[in-house]
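Q: Residue numbers (our numbering), protein chains in the order written: chain V, 1 to 742; chain S, 743 to 895. One structure coming up, written as structure tokens, with questions to follow.
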Ligand code: FES
Ligand code: FES
């Protein structure tokens with residue numbers, strides 16, 4: 001069964017630890033002396049184990065201290081372990097709880113889930129310089145960078161294989177039958193007489209055995225799960241209303257709460273009057289917190305009602321109060337003093353003869369996951385427990401400890417499933433509010449639920465961005481492209497909230513633009529850093545989410561100015577084989593080149609982001625009632641697809657996310673406050689507007705995340721299609737400022 | 743007030759204008775219906791009132807009296823899936839899953855009313871609900887499968 005392979009011990013070693021009634025397997029890593037205070041919470045001793053799988057009388061549990069925010073992370077991990085452990089997927093349950101508190105008692109590191117959910121790589125991926133800081137800092141929790149992913153691909157499989165081999169040895173000891181005469185099947189060891197011993201019954205004995213390190217990994221041709229359609233382990237719960245999210249948590253004695261904070265983000269609360277609110281039915285208390293108040297009540301709705309009845313005097317916004325004023329600041333940032341990076345500078349753009357110049361704008365955008373921010377916190381004696389959906393449990397632990405005056409070791413983070421994130425849960429503001437409330441009521445679990453209005457007005461949005469672009473063409477070819485992009489720094493804003501300095505240029509300002517695989521003789525991309533405006537954060541596909549539109553929109557203009565074909569010219573300019581392949585693939589899928597009737601149009605765009613070259617073609621029809629989206633073709637080179645269903649979901653979800661926001665979403669500010677306070681002002685794509693989406697994966701042996709790369713090309717492909725159909729070139733998002741959609 | 747939810751009668755002591763959603767979630771502990779917006783935009787809170795889909799954040803407790811309230815928990819269970827839920831499982835519709843209680847309740851109501859909806863009818867009806875994860879292509883497919891299954895039965 002497959003080729004035998006010895007584990008490279010210099011990279012990692014699979015270890016095991018006894019747990020109550022069973023055994024846990026995971027990666028055994030030696031502790032290095034670390035100056036980072038964040039590691040102080042690690043267990044004492046020379047080594048720590050990060051458990052992946054626990055087997056006890058209750059069954060087989062996959063341990064992930066990281067929550068699944070909808071991107072299918074549990075499933076991918078489960079498949080990798082199950083493949084080698086020889087269990088069925090429905091025999092595994094996922095436990096997102098932090099294991100150290102629950103099972104391991106000091107021998108286990110809360111190192112974090114080894115296979116980063118794509119969102120989790122947002123910060124670490126924002127680039128060099130500042131990102132090195134982020135990378136080091138976040139490495140603990142937000143396993144960063146593409147290099148760790150293939151590593152995890154092996155680690156999880158090896159963990160499964162080691163666990164299986166150790167269970168076989170345990171069975172051999174128990175029965176006296178040599179290991180060679182034993183086999184496994186769906187969670188049991190099979191003896192020569194066909195009788196079976198369940199893994200769960202062997203777990204206690206396996207805990208006393210040194211893990212077997214010489215294991216064979218299956219040959220890919222023998223895989224049962226990897227790359228095959230599998231039923232997601234959470235799919236029944238999520239189809240029956242039985243999946244418990246953070247907002248659904250129930251505890252004895254729990255009190256419901258909501259908060260109302262200064263709608264000018266970061267502004268202070270000068271005064272408040274809660275007389276009326278405190279007299280309302282079910283209201284227990286109104287508690288002042290940083291920048292606002294919390295209302296404790298016996299029902300969430302009563303808390304919402306009472307919060308609305310509190311009157312406030314709010315302090316000013318610590319940033320320009322209107323979107324117009326912000327645009328002025330952005331427009332004034334194309335200067336030498338504010339230049340942040342110039343990673344790309346080929347040829348001589350200053351000497352080229354300018355054929356075309358244009359300005360592009362993209363707005364602030366909210367994450368607005370459907371489940372609003374919630375957290376439940378209990379402060380009891382020297383212990384603080386947090387239950388919430390999060391992508392940064394360890395940061396949260398440290399920050400909560402600081403706030404409560406405790407050691408990190410006294411803070412227990414229980415990660416719950418969340419109803420979406422898109423980067424929002426890389427912040428812990430809502431959790432710290434719940435900690436403040438819980439500190440006011442020791443011994444009482446406080447469940448904080450944000451209203452949608454609080455959520456919309458207190459998001460850390462994607463920043464607004466402006467591009468100034470010029471270019472040159474000659475003989476039917478694009479010969480010059482000079483792109484300047486001005487934006488506030490996400491890295492500086494986000495790291496600032498984590499108490500870390502952001503050093504060096506912020507690659508997010510130009511990600512998805514400076515790093516595109518085109519050979520243009522005169523080609524320059526410059527990032528300009530706008531001074532901080534509203535606090536901003538990572539949003540699905542981060543810098544590339546907007547830069548895809550800036551880069552591919554203007555490139556399309558240049559190609560048309562040259563009189564060339566948008567697909568053929570991109571192919572001519574593109575030097576990167578995998579990128580050429582995806583461009584060719586969408587060309588073939590969409591029958592590019594075949595003429596469309598009057599009023600219809602096709603647009604193409606391409607972005608290489610997160611290591612995944614992605615090309616998209618959008619087809620639209622200009623109708624009397626506006627633009628109708630007909631079809632989208634997507635091709636991406638994704639490496640290996642572990643879970644085809646999840647792959648398809650993530651790619652299509654990313655396209656819909658990218659299209660919907662490009663068409664109709666923006667956050668604007670007036671008097672320092674967000675003007676879109678709910679989904680009526682901040683709509684998303686609905687099913688009737690959703691085009692048919694065809695996806696093609698070009699697979700290689702690499703392993704990459706697919707939650708983000710389909711987002712950046714969606715907006716420019718649509719804008720380019722609208723141009724093809726109508727001749728109208730749109731340089732500002734959302735597109736519905738310029739055209740109507742059906 | 744007396745409310746009948748999933749066939750069980752409950753006595754609740756709440757304000758007349760407390761939205762049914764919050765009666766279900768915080769008074770009765772029935773958390774399948776979700777809160778997403780509170781203003782009839784998202785449909786995460788969708789339940790059935792006498793078999794017809796309604797956004798429970800918009801229904802006052804007092805108006806739910808004398809009406810059969812059905813939540814996703816009453817539609818079917820993990821061991822006894824309703825045809826719509828089975829189709830949702832078969833097509834693996836959910837991503838984060840937060841909107842899906844509402845989507846399923848809306849689809850079940852649509853199919854009770856229109857047993858074999860056209861593509862346009864599906865789009866029309868299902869546009870009442872929002873999915874931030876973008877599961878719409880699979881929702882379309884699942885509604886069709888459920889329709890076919892219900893017709894066989
Ligand atoms: S919560 Fe009722 S429609 Fe959104
Ligand atoms: S599955 Fe996440 S909102 Fe629909």
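Positions of the beta carbon are idealized from the N, C-alpha and C atoms, including for glycine.
#1: Would a C-beta distance cut-off of 8 Å place residue 666/V and residue 320/V closer than the cut-off?
#2: Would DSSP call residue 745/V helix, strand or coil?
#3: Can you give me, in chain order, the residues of the region 763-780 of chain S that have a beta carbon less than 9 Å from any beta carbon in chain B?
#4: Between the C-alpha atoms of residue 858/S and residue 887/S, what's the straight-line distance to the nearest angstrom?
#5: The beta strand (DSSP E) spanning residue 812/S covers which residue range?
#6: Measuring only between beta-carbons, confirm whether residue 454/V sits less than 8 Å from chain S.
#7: Whose Cβ in chain S lies nearer than 9 Å to the Cβ of residue 642/V?
#8: Looking only at its chain, what residues have a beta carbon closer than 7 Å to the beta carbon of residue 339/V, apart from the 5 residues adjacent to it on each side?
#9: Let's test the definition: count the other Cβ atoms within 10 Å of the Cβ of residue 744/S and tell me whether it reaches 16, buried, or not, exposed.
#10: Flag residue 368/V as yes if its beta-carbon sits less than 8 Å from any beta-carbon of chain S, otherwise no.
#11: Judging by CA-CA distance, which residue of 478/V, 231/V, 639/V and 580/V is the nearest neighbour of residue 153/V?
#12: Using three-state DSSP, classify residue 873/S as helix, strand or coil.
#13: Is it buried or exposed for residue 244/V, if we count other Cβ within 10 angstroms and need 16 for buried?
#14: Beta-carbon distances below 6 Å to any heavy atom of ligand 1 define the shell here; list its residues in chain order, please.
#15: Closer than 9 Å by beta-carbon distance: list the chain S residues that pair up with residue 256/V, in chain order.
#16: Can the beta-carbon of residue 297/V be found closer than 8 Å to that of residue 283/V?
#17: So within the region 202-267 of chain V, which uninterrupted alpha helix (DSSP H) runs reach at least 4 residues, ignoring any that extend past its ends?
#18: Closer than 6 Å by C-beta to residue 464/V: which residues in its own chain qualify, once you throw out the five before and the five after it? Chain order, please.
#19: What residues in its chain sit with their C-beta under 7 Å from that of residue 399/V, if we drop five residues either side in the sequence?
#20: Over the uninterrupted alpha helix (DSSP H) stretch that includes residue 424/V, give me the two end residues.
#21: I need the boundaries of the beta strand (DSSP E) containing residue 780/S, first residue and last residue.
#22: Return helix, strand or coil for residue 503/V, following the three-state DSSP convention.
#23: Tell me, to the nearest whole angstrom, how far the beta carbon of residue 768/V is from that of residue 723/V; I am working on the premise that it is less than 8 Å.
#24: Terminal residues of the continuous beta strand (DSSP E) containing residue 414/V?
#25: Taking 6 Å as the limit between beta carbons, can you name the residues of its chain near residue 311/V, skipping five residues before and five after?
#26: Using alpha carbons as the reference points, say which of 628/V, 425/V and 344/V lies closest to residue 246/V.
#27: Which residue marks the beginning of the alpha helix (DSSP H) containing residue 556/V, and which one marks its end?
#28: Kindly list the residues whose CB is nearer than 8 Å to the CB of residue 694/V, restricted to its own chain and excluding five residues on each side of it in sequence; keep chain order.
#29: Answer yes or no: the CB of residue 874/S versus the heavy atoms of ligand 2, is any distance below 7 Å?
#30: Bridge partners of residue 387/V, per DSSP?
#31: Which partner residues of residue 790/S appear in the DSSP bridge assignment?
#32: For ligand 2, any of its heavy atoms closer than 7 Å to the Cβ of residue 374/V?
#33: Would you decide whether residue 764/S is buried or exposed? Buried here means 16 or more other CB atoms lie within 10 Å of its CB.
#34: Using the Cβ count rule (16 or more neighbours within 10 Å means buried), how would you classify residue 591/V?
#35: Measuring only the C-alpha atoms, how far is residue 610/V from residue 175/V?
#36: Counting only the same chain and skipping the five closest in sequence on each side, list residues whose C-beta sits under 6 Å from that of residue 658/V.
A: The structure says:
#1: Position 666 of the first chain holds residue 666/V. Position 320 of the first chain holds residue 320/V. No. Outside cutoff.
#2: Nothing can be reported for residue 745/V: it is not among the residues displayed for chain V, which extend from 1 to 742.
#3: Checking the listed chains, one finds no chain B in this structure; the protein chains it contains are V and S.
#4: Here residue 858/S corresponds to residue number 116 of the second chain, with the count starting at 1. Here residue 887/S corresponds to residue number 145 of the second chain, with the count starting at 1. So the alpha carbons of these two residues sit roughly 10 Å apart.
#5: By 1-based counting over the second chain, the position of residue 812/S is 70. Its beta strand (DSSP E) spans residues 810-812.
#6: Position 454 of the first chain, counting from 1, holds the residue named residue 454/V. The Cβ of residue 454/V sits no closer than 8 Å to any Cβ of chain S.
#7: Position 642 of the first chain holds residue 642/V. Within chain S, no residue comes near residue 642/V; the closest Cβ sits about 15 Å away, beyond 9 Å.
#8: Here residue 339/V is taken as the residue at index 339 of the first chain, counted from 1. For residue 339/V, where only same-chain residues beyond five positions count, the Cβ hits under 7 Å are 526 and 528.
#9: The residue labelled residue 744/S in the question sits at position 2 within the second chain. Exposed.
#10: Here residue 368/V refers to the residue found at position 368 of the first chain. Residue 368/V counts as touching chain S.
#11: The residue labelled residue 153/V in the question sits at position 153 within the first chain. Answer by Cα proximity: 639/V.
#12: Residue numbering aside, residue 873/S sits at position 131 when the second chain is read from its first letter. Coil.
#13: Locating residue 244/V in the first chain gives position 244, where the first residue counts as 1. Around the beta-carbon of residue 244/V, fewer than 16 other beta-carbon atoms lie within 10 Å, marking it exposed.
#14: With the cut-off at 6 Å, the residues found are 777/S, 778/S, 779/S, 780/S, 782/S, 783/S, 784/S, 785/S, 786/S, 787/S, 797/S and 799/S.
#15: Taking the first chain and counting its residues from 1, the one referred to as residue 256/V is at position 256. For a Cβ distance threshold of 9 Å, residue set 768 of chain S lies close to residue 256/V, ordered along the chain.
#16: Here the question's residue 297/V lines up with position 297 in the first chain. Here the question's residue 283/V lines up with position 283 in the first chain. Remark: C-beta atoms of residue 297/V and residue 283/V approach each other more closely than 8 Å.
#17: Note on the region 202-267 of chain V: whole alpha helix (DSSP H) runs with a minimum of 4 residues are 235-239, in chain order.
#18: Position 464 of the first chain holds residue 464/V. 363 and 364.
#19: For the purposes of this step, residue 399/V is identified with residue 399 of the first chain, where counting begins at 1. 428 and 432, listed in sequence order.
#20: Indexing the first chain from 1 puts residue 424/V at position 424. Careful: residue 424/V lies outside any alpha helix (DSSP H) and carries neither H nor E.
#21: Looking up residue 780/S in the second chain gives position 38. Neither: residue 780/S is in no beta strand (DSSP E) and is coded neither H nor E.
#22: Reading the first chain from its first residue, position 503 is the one you call residue 503/V. In this structure, residue 503/V counts as coil in the three-state DSSP scheme.
#23: Outside the modelled stretch of chain V, which goes from 1 to 742, sits residue 768/V, for which no answer is possible.
#24: Residue numbering aside, residue 414/V sits at position 414 when the first chain is read from its first letter. Unbroken beta strand (DSSP E) run through residue 414/V: 411-415.
#25: Numbered from 1 along the first chain, position 311 holds the residue referred to as residue 311/V. Taken in chain order, the residues that qualify are 273.
#26: Residue 246/V sits at position 246 when you count from the first residue of the first chain. Minimum Cα distance to residue 246/V is reached at 425/V.
#27: Taking the first chain and counting its residues from 1, the one referred to as residue 556/V is at position 556. Where residue 556/V is concerned, the enclosing alpha helix (DSSP H) stretches over 542-562.
#28: Translated into positions along the first chain, residue 694/V becomes position 694. Beyond the five residues adjoining it in sequence on each side, residue 694/V comes within less than 8 Å, by CB distance, of 589, 631, 632, 633 and 634 in the same chain, given in chain order.
#29: For this step, residue 874/S is matched to residue 132 along the second chain. Relative to ligand 2, the beta carbon of residue 874/S is positioned inside 7 Å of a heavy atom.
#30: The count along the first chain starts at 1 and reaches residue 387/V at position 387. Its beta-bridge partners are 376/V and 414/V.
#31: As a first step, residue 790/S must be located in the second chain, where it is residue number 48. DSSP output for residue 790/S lists 795/S and 812/S as bridge partner(s).
#32: Counting from 1 along the first chain, the entry for residue 374/V is found at position 374. The answer is no for residue 374/V.
#33: Here residue 764/S is taken as the residue at index 22 of the second chain, counted from 1. With 16 or more other Cβ atoms from the protein chains shown falling within 10 Å of its own Cβ, residue 764/S counts as buried.
#34: By one-based count along the first chain, residue 591/V stands at place 591. Exposed: under 16 other Cβ atoms inside 10 Å.
#35: The count along the first chain starts at 1 and reaches residue 610/V at position 610. The count along the first chain starts at 1 and reaches residue 175/V at position 175. Taking the straight line from one Cα to the other gives about 51 Å.
#36: Residue 658/V sits at position 658 when you count from the first residue of the first chain. Listed in chain order, the non-local C-beta contacts of residue 658/V below 6 Å within the same chain comprise 711, 714 and 715, local neighbours out to five positions each way being set aside.
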